[in-house]
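A.B. asks: First, the structure itself, so that you have it in front of you.
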Amino acid sequence: MEITEKIVKKHGLKKEEYHRIKKLMKRDPNLLELGIFSAMWNEHCSYKSSRLHLKKLPTKGKQVIQGPGENAGVIDIGDNDAIVFKIESHNHPSYIEPYQGAATGVGGILRDVFTMGARPIALLNSIHFGSPSHPKTKSLLNGVVSGIGGYGNCMGIPTVAGETKFNDTYNENILVNAMAVGHTNKNKIFYSKAKGVNKLVVYVGSKTGRDGIHGASMASAEFDENSEEKKPTVQVGDPFTEKLLLEACLELMKDDSIIAIQDMGAAGLTSSSVEMASKGSLGIELELDKVPCREKNMTPYEMMLSESQERMLIILEDGKENYAKKIFKKWDLDFVVIGKTTSTNNLTLKFHGKIEGEIPIDALSSKAPIYDRKWSKKKASKKKTDIKKLKKIKLEDALVKILSSPNHSNKSWITNQYDQMVMGDTVQRSGSDAAIIRIHNKNKAIAVSVDSSANYCKSNPVSGGKQIVCENWRNIISVGAKPLAITNCLNFGNPEDEKIMGEFAECLIGIKEACEFLSYPVVSGNVSFYNGTNRKNIFPTPVIGGVGLINNLKKPLNHNFKNENNIIILIGKTFGHLDQSCYLKENYSIHDGMPPEINLLNEKNNGDVVLNLIQANLVSAAHDVSSGGLVVALSEMSIGSNLGIKIEKSKKLRNTAQYFFGEDQGRYVLEIDKKNLISVEKTLKNNDIFYENIGITQKDYFEIEGEMRLSINDLYEINNQWYNNY
Amino acid sequence: MKSSVIVFPGSNCDRDIAVALEKMQFKNKMVWHKETSLPKSDLIVIPGGFSYGDYLRSGAIAGKSLIISEVIKAANSGCLILGICNGFQILTETGLLKGTLLRNKNLKFINKDVNIKVLNNKSKFTSKYKLNQVLKINIAHNEGNYFTNEKHLTELNTERLIAFKYCDKNGNINENSNPNGAIDNIAGIFNSKKNILGMMPHPERMIDNMISNTDGVNLFSSLLN
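Those protein sequences? They're chains A and B, same order as listed. Going by this note's numbering, the first residue of the first sequence is number 46, and it counts up by one from there. Going by this note's numbering, the first residue of the second sequence is number 6, and it counts up by one from there.
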């Protein structure tokens, strides 16, 4: 078959890229080879537009065992325990087929974690939808939530935290990011680097079908009016088989049979074999007639590009074939030797004894194109909203509006569809700043949270990038954990557009700066470009997933008030920044202006001291102040606990709205028992932390002197009605 | 007290129940579904999960598996059998318990803590609870909507074979306190000899104050008696 321009274009390859292929191959590729190039060189697999920027992120630290570049990142939490985690996007498939798209997103990220030898112990997600009034939103929301639940629940891994947001910008391109966290012994980590020639290459797991062919290429292009036609490129998930695969792999990993292991994710058999060979500077030869197929007459092209789920590729030590086979047979899974490692440095594909394709491995990996795309800086918005010129809204009305809005409503409608308790170690379920998962059989735990702030990132990508890292850091601290490392999922529009590339580059500058300052390195991540339809790009939406450690798990902390007559302290300075706030958006539909400034020094000092106070057992409840400002933070602490507050009128108060709804960063609300007040204040003063005693907790009523008085029951109802009526 | 936990492909609460049993000093063994004989046991537990993916009808394939015929034999000779969640579904598929578990009324998976009331504490499984005691126990299922025919329902009532009913925190049993649409708010039932208990709520998730509460502990300590 002659490779025409049309065929090249259909494979998502640019003309220049095709020339590069011919040069590297020193001949024209055949269709199979072209397909393989398209799978490896697309944005999703090659990171060709993002690589130069990602390199700048801080990835090291004494807690880091494995940074980016493996299936997932690994950190050390002491006592030989390691935590393996990563976040990944499944945006495009989820928009086309929400249930399967979301389900296989979860399946894929779980494989990334157990490939490395870790048993998954927690799932998280960050999902973004269009406006609730958009005709597609409701069914997409339903499908995605049941897909996430369907997979995790069946696997028996608790889904413990996440965020759900609505914004018009996602009307035609939703975001579904799934994060998995696993635990293993730090001396039992498995990598994807092949070693040694003539080692057996084994295919395990599900059979290969025609689903998901060119999935990665689909995820590397914008949507248009014909996107619906791409349904066949969405994979179908089978969590039951994945559960068997998980148990079989972990059973095999008890022994030292595995040299290298790689899951077949995006670009399936192609990327897994190339990845292992490339890391080991080896060649790999596959006999495709041996690949277990679900459908008849599958061609080498289809087998190499299928994204059928629940499959793994393993390179085995000599003499371990029978031992390994027995394990997979016990779990009723396919186990077939389909090839071997070679010294040729080529990917060699045989079918019925004949070589059907042969490509130098480096042409697919290290010699893949890397683009230093043009990018432009975002112009700072000069708009500032003069709050005094706006029609005055009563504090109570403004609060009710925010608490009953889709973005701030109670999400138990969603989280109740996820099994949060299976595995028996969920100390803190979703709804708090971060979830807490105990390390099985031990007296320590990890805290996990995912966060994003697309509005901030849109108006100022640098400070937006900083802000999410800081918010995530605060969330981890608020449950008494020491933040250790993050994973990021970078969801952006079309990188070929200078402005979008600028959003990407600038967000990363912000993320880098915050991560460096807070010693909060990035250990894994994923980039998703081309989020948009017909040239309408989504807001830049980097999502940060953080992990922290609670070394001595005595009394887990959450944000719910504990007792009446306790002192409420606000940590951090309130300037009353309202531009880009939830207050102006929900109440006045004003979306202009710059997000709040980030002062990393204050952020770090405040966080470190709050963590010290919590660890010294001086804090009864803690909550970070974020979207919605102080009064929303206070109401969340009340709703969860059935305890109210009595806030005295601040003497310094300039403007009620600014004080209560301002979204200044670096702030926490703490509940302090009166008997601890002296020690707490002493620590705060000694560390030069700005704080205010703003009031006390009380029974039944949420009360701000001279402004509002609402019963907690009413507050609860207001916060719970939206989902139930949607 | 010796216990065995049956592990099917797709079982996923097997570890949780094993942890609970061992914590309560049972001598526990895990039994793989392909095995053809059972170790000597005083208690057999069929754990929660998605046996065989539950792709057919929940519990349907597990109900026909090799080991299940051994479980049926043991049950008929008086061995204590506890089926939790998917285990309850499997027990109804084998016929050891009558009735069936339909999809939840709201057609969604539900995971939350609910209240259940102890309706009969005169059994090997519930003797340590007080009659009408209200417990807070976690549920996690798609198909927990118990249904049975009039005749069996009458039998359940007259022979006091209903172990637990869903209620509110004050013990009121009504539609508002019914999470999944189960007939008469039924959360767990015995067979007529009361050596078999099937229940949708997960007592093994309620054995540790750090995680939840200890309302499940008495179910296991009752069995030890």
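Yeah, the Cβ is synthetic: ideal placement off N, Cα and C, and Gly gets one too.
Could you tell me which of A:Gln743, A:Ser634, A:Gly509 and A:Thr532 sits nearest to Ile613 (chain A), measuring between CA atoms?
C.D. replies: For the purposes of this step, residue 613 (chain A) is identified with residue 568 of the first sequence, where counting begins at 1. Considering only alpha carbons, the answer is A:Gln743.
A.B. asks: Within the chosen definition, does the region 638-647 of chain A reach the region 713-725 of chain A through at least 3 CB pairs nearer than 8 Å?
C.D. replies: No contact exists between the region 638-647 of chain A and the region 713-725 of chain A.
A.B. asks: I'd like the ranges of any alpha helix (DSSP H) spanning at least 4 consecutive residues and lying wholly in the region 319-362 of chain A.
C.D. replies: You should have 345-350.
A.B. asks: Given a threshold of 16 other Cβ atoms within 10 Å of its Cβ, counted over all protein chains shown, does Met309 (chain A) qualify as buried or as exposed?
C.D. replies: Here residue 309 (chain A) refers to the residue found at position 264 of the first sequence. Classification for Met309 (chain A): buried.
A.B. asks: Would you say Val24 (chain B) lies against chain A (beta-carbon separation less than 8 Å)?
C.D. replies: For the purposes of this step, residue 24 (chain B) is taken as residue 19 along the second sequence, with counting starting at 1. Answer yes: the Cβ-Cβ gap between Val24 (chain B) and chain A drops below 8 Å somewhere.
A.B. asks: Can you find a C-beta in chain A that's less than 8 Å from the C-beta of Pro208 (chain B)?
C.D. replies: Within the second sequence, numbered from 1, the residue matching residue 208 (chain B) stands at position 203. Answer no: the Cβ-Cβ gap between Pro208 (chain B) and chain A never drops below 8 Å.
A.B. asks: My understanding is that Tyr768 (chain A) touches Asn455 (chain A), with C-beta atoms under 8 Å, so please give their C-beta distance in whole angstroms.
C.D. replies: Position 723 of the first sequence, counting from 1, holds the residue named residue 768 (chain A). Position 410 of the first sequence, counting from 1, holds the residue named residue 455 (chain A). Yes, Tyr768 (chain A) and Asn455 (chain A) are in contact; Cβ-Cβ is about 7 Å, under 8 Å.
A.B. asks: In terms of alpha-carbon separation, which member of B:Cys172, B:Lys135 and B:Asn116 lies closest to Ser461 (chain A)?
C.D. replies: Position 416 of the first sequence, counted from the start, is the residue given in the question as residue 461 (chain A). Reading off the sequence, residue 461 (chain A) comes out as Asn, not Ser. Among B:Cys172, B:Lys135 and B:Asn116, the Cα nearest to that of Asn461 (chain A) is on B:Asn116.
A.B. asks: By Cβ distance below 6 Å, which residues in the same chain neighbour Ile684 (chain A) in space, the five residues on each side in sequence not counted?
C.D. replies: Numbered from its first residue, the first sequence carries residue 684 (chain A) at position 639. Taken in chain order, the residues that qualify are Leu760, Tyr761 and Asn764.
A.B. asks: Assign Ile372 (chain A) to buried or exposed, taking buried as 16 or more other Cβ atoms, counted over all protein chains shown, within 10 Å of its Cβ.
C.D. replies: Against the first sequence, residue 372 (chain A) aligns to sequence position 327. By the neighbour-count rule (16 or more Cβ atoms within 10 Å), Ile372 (chain A) is buried.
A.B. asks: Between Trp376 (chain A) and chain B, is the shortest Cβ-Cβ distance under 8 Å, so that the two count as touching?
C.D. replies: As a working note, residue 376 (chain A) is residue 331 in the first sequence. For Trp376 (chain A), the answer is yes, since a Cβ of chain B falls inside 8 Å of its Cβ.
A.B. asks: Quick one: measure Cβ to Cβ for His98 (chain A) and Phe562 (chain A), integer angstroms, because I've assumed they're closer than 8 Å.
C.D. replies: Numbered from 1 along the first sequence, position 53 holds the residue referred to as residue 98 (chain A). Numbered from 1 along the first sequence, position 517 holds the residue referred to as residue 562 (chain A). Their Cβ separation, rounded to whole angstroms, is 19 Å, which puts His98 (chain A) and Phe562 (chain A) out of contact at 8 Å.
A.B. asks: Identify each residue in the region 283-296 of chain A for which the Cβ-Cβ distance to at least one residue of chain B is less than 9 Å, and report them in chain order.
C.D. replies: Answer in chain order: Asp283, Pro284, Phe285, Thr286, Lys288, Leu289 and Glu292.
A.B. asks: Can you name, in chain order, every residue of its own chain whose Cβ lies under 8 Å from the Cβ of Ala25 (chain B), other than the five neighbours on each side?
C.D. replies: The count along the second sequence starts at 1 and reaches residue 25 (chain B) at position 20. These residues qualify, in order along the chain: Pro208, Glu209, Ile212, Gly221 and Phe225.
A.B. asks: Cβ closer than 9 Å: which chain A residues qualify as neighbours of Ala65 (chain B)?
C.D. replies: Numbered from its first residue, the second sequence carries residue 65 (chain B) at position 60. Within chain A, no residue comes near Ala65 (chain B); the closest Cβ sits about 14 Å away, beyond 9 Å.
A.B. asks: Less than 8 Å between the CB atoms is what I'm expecting for Gln145 (chain A) and Gly194 (chain A), so what's the real figure, rounded?
C.D. replies: For the purposes of this step, residue 145 (chain A) is taken as residue 100 along the first sequence, with counting starting at 1. For the purposes of this step, residue 194 (chain A) is taken as residue 149 along the first sequence, with counting starting at 1. Actually they are not in contact, since the Cβ atoms of Gln145 (chain A) and Gly194 (chain A) sit about 13 Å apart, beyond 8 Å.
A.B. asks: So that I know if they touch, is there some Cβ in chain A lying closer than 8 Å to that of Ala145 (chain B)?
C.D. replies: In the second sequence, the residue the question calls residue 145 (chain B) occupies position 140. Yes, its Cβ sits closer than 8 Å to a Cβ of chain A.
A.B. asks: Could you tell me which uninterrupted alpha helix (DSSP H) segments, each at least 4 residues in length, are contained entirely in the region 625-653 of chain A, listed from first to last along the chain?
C.D. replies: Segments of the alpha helix (DSSP H) lying fully in the region 625-653 of chain A: 627-633.
A.B. asks: Is Leu679 (chain A) near the ligand NAD, in the sense that its beta carbon is under 7 Å from a heavy atom of that ligand?
C.D. replies: Of ligands this structure carries none, so the ligand NAD is not represented either.
A.B. asks: Can you check whether the C-beta of Cys90 (chain B) is within less than 8 Å of a C-beta belonging to chain A?
C.D. replies: Here residue 90 (chain B) refers to the residue found at position 85 of the second sequence. It does not; no Cβ of chain A falls within 8 Å.
A.B. asks: Between the region 172-187 of chain A and the region 219-226 of chain A, are three or more C-beta pairs nearer than 8 Å?
C.D. replies: As far as the Cβ criterion goes, the region 172-187 of chain A touches the region 219-226 of chain A, which means the pair count is three or higher.
A.B. asks: Along the region 464-475 of chain A, what residues have a CB closer than 8 Å to any CB found in chain B?
C.D. replies: Answer in chain order: Asp464, Gln465, Met466, Val467, Met468, Gly469, Asp470, Thr471 and Val472.
A.B. asks: Any C-beta of chain A within less than 9 Å: which residues of the region 82-113 of chain B qualify?
C.D. replies: Those would be Lys113, in chain order.
A.B. asks: Check distances from the C-beta atoms of the region 441-463 of chain A to those of chain B and list, in chain order, the residues that come in under 7 Å.
C.D. replies: Flagged, chain order: Asn461, Gln462 and Tyr463.
A.B. asks: 8 Å is my cut-off, CB to CB: does Asn183 (chain B) come that close to chain A?
C.D. replies: Position 178 of the second sequence, counting from 1, holds the residue named residue 183 (chain B). False, the Cβ-Cβ gap to chain A never drops below 8 Å.
A.B. asks: Quick one: what does DSSP say Val281 (chain A) is sitting in, helix, strand or coil?
C.D. replies: As a first step, residue 281 (chain A) is located in the first sequence; it is residue number 236 there, counting from the start. Coil, per DSSP.
A.B. asks: So which of B:Asn196, B:Ile201 and B:Asn143 has the shortest CA-CA distance to Cys18 (chain B)?
C.D. replies: Taking the second sequence and counting its residues from 1, one reaches residue 18 (chain B) at position 13. Among B:Asn196, B:Ile201 and B:Asn143, the Cα nearest to that of Cys18 (chain B) belongs to B:Asn143.
A.B. asks: Should the region 386-394 of chain A be regarded as contacting the region 663-676 of chain A, the criterion being three or more beta carbon pairs within less than 8 Å?
C.D. replies: Because the criterion of three Cβ pairs below 8 Å is not met, the region 386-394 of chain A and the region 663-676 of chain A do not touch.
A.B. asks: Do Gly751 (chain A) and Lys694 (chain A) have their beta-carbon atoms positioned less than 8 Å apart in this structure?
C.D. replies: As a position in the first sequence, residue 694 (chain A) is number 649, starting the count at 1. As a position in the first sequence, residue 751 (chain A) is number 706, starting the count at 1. It is a contact, given that the beta carbons lie within the stated cut-off.
A.B. asks: Is it buried or exposed for His636 (chain A), if we count other Cβ within 10 angstroms and need 16 for buried?
C.D. replies: Position 591 of the first sequence holds residue 636 (chain A). So His636 (chain A) counts as exposed.
A.B. asks: If Val495 (chain A) and Val592 (chain A) are in contact, beta carbons under 8 Å, what's the gap, nearest whole angstrom?
C.D. replies: Here residue 495 (chain A) is taken as the residue at index 450 of the first sequence, counted from 1. Here residue 592 (chain A) is taken as the residue at index 547 of the first sequence, counted from 1. So it is not a contact: roughly 11 Å between Cβ atoms.
A.B. asks: Taking a contact to mean a Cβ-Cβ separation below 8 Å, would you say Met343 (chain A) touches Arg255 (chain A) in this structure?
C.D. replies: On the first sequence, position 298 is the one that residue 343 (chain A) refers to. On the first sequence, position 210 is the one that residue 255 (chain A) refers to. Yes; because the gap between Cβ atoms is below 8 Å, this pair is in contact.
A.B. asks: Look at the alpha carbon of Gly15 (chain B) and the alpha carbon of Gly197 (chain A), and state the distance between them as a whole number of angstroms.
C.D. replies: As a first step, residue 15 (chain B) is located in the second sequence; it is residue number 10 there, counting from the start. As a first step, residue 197 (chain A) is located in the first sequence; it is residue number 152 there, counting from the start. Their Cα atoms are separated by approximately 12 Å.
A.B. asks: Which whole-angstrom value describes the C-beta separation of Gly68 (chain B) and Asn91 (chain B), a residue pair presumed to lie in contact below a C-beta threshold of 8 Å?
C.D. replies: On the second sequence, residue 68 (chain B) is found 63 positions in, with the first residue counted as 1. On the second sequence, residue 91 (chain B) is found 86 positions in, with the first residue counted as 1. Actually they do not touch by this definition, with Cβ atoms about 11 Å apart.
A.B. asks: For the beta strand (DSSP E) that contains Ser8 (chain B), what are its first and last residues?
C.D. replies: Working through the second sequence from its first residue, we reach residue 8 (chain B) at position 3. That run of the beta strand (DSSP E) goes Lys7 to Val12.
A.B. asks: Which same chain residues, not among the five before or five after Val151 (chain A), have their C-beta less than 6 Å away from its C-beta?
C.D. replies: As a working mapping, residue 151 (chain A) is identified with position 106 in the first sequence. Within the same chain, Val151 (chain A) has close Cβ partners Ile193, Tyr196, Gly197 and Ala223.
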